[in-house]
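Asks:
Numbering (my numbering), first residue to last: 282 to 439.
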């Protein structure tokens, strides 16, 4: 991502969605959809364009869980750790994914930007526990071995 592309896309989104405060969430969503995260350089730019303080924009971006200030991989894997998944052993699945991808609780995205592994409190798929999603697609009845197979399949697709 270069800064000119970021600014041009932001201008396009502002033109389409509006510069009023009520448009802020929609503008942030559009930026994140385009770049897979909210680059820090967008905050002062949006502040000038929308007439809002950077603190206000940053506050909105950090309040909502769906916004990310860090770049994510092509494949975003969300491992459920809600009660149903947890008691059906979601933690070993998470640990196996991290081991396979060389990730940790602190480092969630692989250096090649191919995978991001996150935990979520609930996917709303308790009957399919333990479950995870890849870019929103649910993978039910997961096991550590199935998780390794899934990673291999995604690598082949990439």
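Beta carbons are placed, not taken as given, at the ideal position from N, Cα and C, and that holds for glycine.
Predicted, not measured: the structure shown is a model, and the values here were computed from it.
Using a Cβ distance threshold of 8 angstroms, determine whether the segment 358-375 contacts the segment 327-341, with at least three qualifying pairs required.
Replies: Using a C-beta cut-off of 8 angstroms, the segment 358-375 makes no contact with the segment 327-341, since fewer than three inter-stretch Cβ pairs fall below that distance.
Asks: When the Cα of residue 397 is compared with those of 410, 412, 360, 300, which residue comes out closest?
Replies: 360
Asks: Fully enclosed by the segment 389-414, which alpha helix (DSSP H) runs are 4 residues long or longer?
Replies: none
Asks: If you draw a straight line from the C-alpha of residue 414 to the C-alpha of residue 394, how long is it?
Replies: Straight-line Cα distance between these residues: approximately 17 angstroms.
Asks: Taking residue 369 as the reference, which of 416, 427, 412 has the closest Cα?
Replies: 412
Asks: Please classify residue 303 as buried or exposed, where buried requires at least 16 neighbouring CB atoms within 10 angstroms.
Replies: exposed
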